[in-house]
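Only one structure is covered here, and it is reproduced in the block below.
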Amino acid sequence: MAAAGGMDVELSGAVPGLDDRIRAQAIVDGIEGLRAIDRNNALKVPARVDLRMEPGSGRLQFSGRLGSMETARKMVEQLQALESVDAVLTKDLVFDPLVVDPEYLTQAPFVQLLTDFFELPGNGILLATECGIRLQGVATVKLGESWARAEERIGRTVRPEVMQAAAQMTSQGDLPDRFRVRAEAKFYPSALHMPRYRPDAPLTAERLSALTDVLGGSEIAFPVGGAEVMPEQQGKLEQAARGMRAAGERVRFVVGGFYLAGDGGAARERLAGQRAETVADALVALGVVPGQMEVTAFALPAGSGEPEAPESHRVEIRVR
94 MAAAGGMDVE LSGAVPGLDD RIRAQAIVDG IEGLRAIDRN NALKVPARVD
144 LRMEPGSGRL QFSGRLGSME TARKMVEQLQ ALESVDAVLT KDLVFDPLVV
194 DPEYLTQAPF VQLLTDFFEL PGNGILLATE CGIRLQGVAT VKLGESWARA
244 EERIGRTVRP EVMQAAAQMT SQGDLPDRFR VRAEAKFYPS ALHMPRYRPD
294 APLTAERLSA LTDVLGGSEI AFPVGGAEVM PEQQGKLEQA ARGMRAAGER
344 VRFVVGGFYL AGDGGAARER LAGQRAETVA DALVALGVVP GQMEVTAFAL
394 PAGSGEPEAP ESHRVEIRVR
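So this is what it looks like as structure tokens:
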């Protein structure tokens, strides 16, 4: 918006970046008879936070533009408190008094979202602005549902006067209808299946790799609707039991049945749990110590397949 007063022009509103602010002032100065008043230039630049977990490491890159070092300091403290983060590396971090920092960046719901996101053993990118958050990376199905609820949690904590001040930053003078948290993630059945997952087992890398290969070939298939192990699967059970016994009693395992989330998912989850219990009981009968096993169900994303598909009717054994 430009309001001319004589030969002087005051600028206010919001522009995407610092370069756009300079360009807007130059456009006014380029019009004959007009001059942009720098001291009254109220064009604001929205904050942007870019957090990226370096693949295969605990180092988190922190870049973007903020209005003050104090906001950055508080965010670094939050990030350093995460168990999965070994170091926070600031890179291309710009501070400018023309930038308005969203208050939610240092509030408890945002900290919880950081915890939910970056504590996972997967690669992640989080982009935050004054009107939304975008998550990119990997997630479990149930965690993806909690990300969807983060929109409500964060939006509820931003005070009305802060929202009103933020509204003055937008080009139209108002905020989007809703604060948005958008997840662009590849979903896995559980954290145990994610790319950076490392089993917590007292085994050498070679023995762990060999055991993982044995268990990977021991997926137990079930008929649709059934929870009894079919006779042709007995050989896989015996193979898994031999590998688990050889690993020793200190090694822990997860026995999980797969099911498809979505409509009717609760009943399918119960059936997946029953199948996992059946496999665990069979492994105990073959000499595996009961206390070594945790029984659970692994959710496949809704829409990723058909309820009758084989991948939704199997039990998998993983090293914890």
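So the sequence shown is numbered by my numbering: it starts at 94 and just counts up by one.
All C-beta atoms in this analysis are idealised placements derived from N, C-alpha and C, irrespective of residue type, glycine included.
Since we're looking at a predicted model, the values are computed, not measured.
- In this chain, Leu213 is not harboured by any beta strand (DSSP E), its DSSP state being neither H nor E.
- Note on Met162: under 16 other CB atoms within 10 angstroms of its CB, so exposed under the neighbour-count rule.
- Just so you know, the alpha carbons of Arg343 and Asp293 end up roughly 11 Å apart.
- Straight across, the Cα-Cα distance linking Glu103 with Ile130 is about 6 Å.
- By the Cβ criterion, the segment 203-222 is not in contact with the segment 183-190, since fewer than three pairs of Cβ atoms, one from each stretch, lie closer than 8 Å.
- Collapsing the DSSP output to three states places Met146 in a strand.
- In this structure, the beta-carbon distance from Val178 to Gly157 does not fall below 8 Å.
- With contacts defined as CB atoms closer than 8 Å, Phe351 and Glu387 fail to qualify as a contacting pair.
- When the alpha-carbon of Glu362 is set against those of Pro400, Gly123 and Ala117, the nearest one is in Pro400.
- Counting of Cβ neighbours within 10 angstroms places Met287 among the buried residues, the total reaching 16 or more.
- If one requires a minimum length of 4 residues, the alpha helix (DSSP H) runs lying completely within the segment 295-322 are 298-309, in chain order.
- Between Arg128 and Asp122, the C-beta gap is smaller than 8 Å, which places the two residues in contact.
- Between the alpha carbons of Arg300 and Val412 lies a gap of roughly 12 Å.
- Note on the segment 160-200: whole alpha helix (DSSP H) runs with a minimum of 4 residues are 162-173, in chain order.
- Distance from the CA atom of Glu325 to the CA atom of Val381, rounded to whole angstroms, is 20 Å.
- Straight through space, the alpha carbons of Lys167 and Gly384 are spaced by roughly 43 Å.
- According to the DSSP secondary-structure assignment, Val412 is paired through a beta bridge with Phe346.
- For Phe203, DSSP assigns no beta-bridge partner whatsoever.
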